[in-house]
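Heads up: the sequence shown begins at 102 in my numbering, then just goes up one per residue.
So the structure is just underneath, and the comments pick up after that.
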Amino acid sequence: MRFIFMLSLITLPVFAACPNLAGTYLCDEDRNPSVIQQSVTNRITTYNVDGLLLIADNKTRADSGDDVVIKYRSKCTSRNVLETEIKTYVEGQHFFTAKQELKNTADGYSITTSGHGQSNIIICLRSSAE
Numbered sequence: 102m103r104f105i106f107m108l109s110l111i112t113l114p115v116f117a118a119c120p121n122l123a124g125t126y127l128c129d130e131d132r133n134p135s136v137i138q139q140s141v142t143n144r145i146t147t148y149n150v151d152g153l154l155l156i157a158d159n160k161t162r163a164d165s166g167d168d169v170v171i172k173y174r175s176k177c178t179s180r181n182v183l184e185t186e187i188k189t190y191v192e193g194q195h196f197f198t199a200k201q202e203l204k205n206t207a208d209g210y211s212i213t214t215s216g217h218g219q220s221n222i223i224i225c226l227r228s229s230a231e
């Protein structure tokens, strides 16, 4: 019986349920509306945050320009939190690592960014036009 229970744990989905962040928001440091679109394909949630795609599958992706490479991976850690780890490389050398959490709140979402011993929180409120 114990073997069957352990086998069932292996077959459980590895992705946590993702937060519903779709909508239009006003964030406290920007007067322009922020738009998040969200879709689910094959149980993987993809977010389009003002044109930036975040695929919540915990796979590393890269974007580069000039001598800078940014590697990032996103995952849902709960029904309320989308977490993204961001690593920046300059001329091939690791320069900076940061973690960003988008978390559902009662009237919108918060963005917490932390790295190098610093932390910043931005509050985004759902637009009343929705």
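Glycine included, each C-beta is placed from N, C-alpha and C at the ideal position.
Because the structure is a prediction, the values reported are computed rather than measured.
Which residues in the same chain have their Cβ closer than 8 angstroms to the Cβ of residue i, if we skip the five residues on either side of it in sequence?
i: Asp-208; result: Leu-226 and Arg-227
i: Ala-157; result: Phe-116, Cys-119, Ile-145, Thr-146, Thr-147, Tyr-148, Ser-175, Lys-176, Cys-177 and Leu-183
i: Arg-162; result: Ile-156, Lys-172, Tyr-173 and Arg-174
Suppose the cutoff is 7 angstroms on Cβ atoms and the five residues either side in sequence are ignored; what does the same chain contact list for residue i look like?
i: Val-191; result: Asp-168 and Val-169
i: Asn-221; result: Thr-214
How many Å lie between residue i and residue j at the Cα?
i: Ser-165; j: Thr-214; result: 21 angstroms
i: Tyr-126; j: His-217; result: 28 angstroms
With which residues is residue i paired in a DSSP beta bridge?
i: Pro-120; result: Pro-120 is not bridged to any residue.
i: Arg-162; result: Tyr-173
i: Thr-142; result: Ile-145
i: Ser-220; result: Ser-215
Indicate whether residue i and residue j have their beta-carbon atoms separated by less than 9 angstroms.
i: Asn-205; j: Asn-121; result: yes
i: Ser-135; j: Val-150; result: yes
In terms of residues, what are the limits of the beta strand (DSSP E) holding residue i?
i: Val-184; result: Note that residue 184 is Glu in the sequence shown here, rather than Val. Counting along the chain, the beta strand (DSSP E) containing Glu-184 begins and ends at 182-191.
i: Gly-209; result: 209-216
i: Arg-132; result: Taken as a continuous stretch (DSSP letters only), Arg-132 belongs to no beta strand (DSSP E), as it is neither H nor E.
i: Ala-199; result: 194-206
Quick one: what's got a C-beta closer than 6 angstroms to residue i's C-beta in the same chain, skipping five residues either side?
i: Ala-202; result: The sequence as given places Glu at residue 202; Ala does not occur at that position. Only Val-182, Glu-184 and Thr-213 meet the Cβ criterion.
i: Glu-186; result: Arg-174 and Lys-200
i: Cys-128; result: Ser-135, Ile-223 and Cys-225
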